[in-house]
Amino acid sequence: MGISYLDLGEYDKVIKYNSQSLKIARQLKDRLLEAGFLLNLGTAYFFLKKYPQALAYSHQSANIAKSINNPRIEGIAFNNIGSLLFKQCKLSEAEKSYRRAIAIRESLRVGLYSYVIKVALFETQLKSYSLLQHYNKY
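Dropping the structure here:
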């Protein structure tokens, strides 16, 4: 429910509901849910331009995703971290984060046989590539 408020621009509600859900996920010791809720919180703080909080949540999500071997969430988290660093004019760090996100997503392509899945993954990566191109202009 909390993430649906993101599209509505109601970031305080995103934070409220995802914080509550994060507490439950931690009580249940569900690391996958925890990583997802942390990612959502990072996104909400990003839109509120509260970059330190957004970075903290995004890094936590990336670390958990790596520890539970979930490259999909890890890749999204590093893409978000790259965007946060870019917004703070930390261009070299942003580039590293974007490249890491791309490398993680590329690793997902190995062994994929479905053309549709490969196209969907490429479309997901396109954002990172576009942001890197934008970065290289500076």
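Residue numbers (this note's numbering): 8 to 145. We put the beta carbon where it would ideally sit given N, CA and C, even for glycine.
Residue i and residue j closer than 8 Å at C-beta
i, j, result
"G9", "Y24", "yes"
"K94", "E81", "no"
"L91", "F53", "yes"
"A108", "G89", "yes"
"L115", "P78", "yes"
"S99", "A84", "no"
DSSP three-state assignment for residue i, whether helix, strand or coil
i, result
"I10", "coil"
"E17", "coil"
Buried/exposed call for residue i, threshold 16 Cβ in 10 Å
i, result
"L46", "buried"
"A61", "buried"
"G49", "buried"
"Q27", "exposed"
"E113", "exposed"
"I22", "buried"
"L29", "buried"
"S11", "exposed"
"N76", "exposed"
Whole runs of the alpha helix (DSSP H) within the region 31 to 103, excluding any shorter than 4 residues: With a minimum length of 4 residues, the continuous alpha helix (DSSP H) runs that stay inside the region 31 to 103 are 38 to 54, 58 to 74 and 78 to 94.
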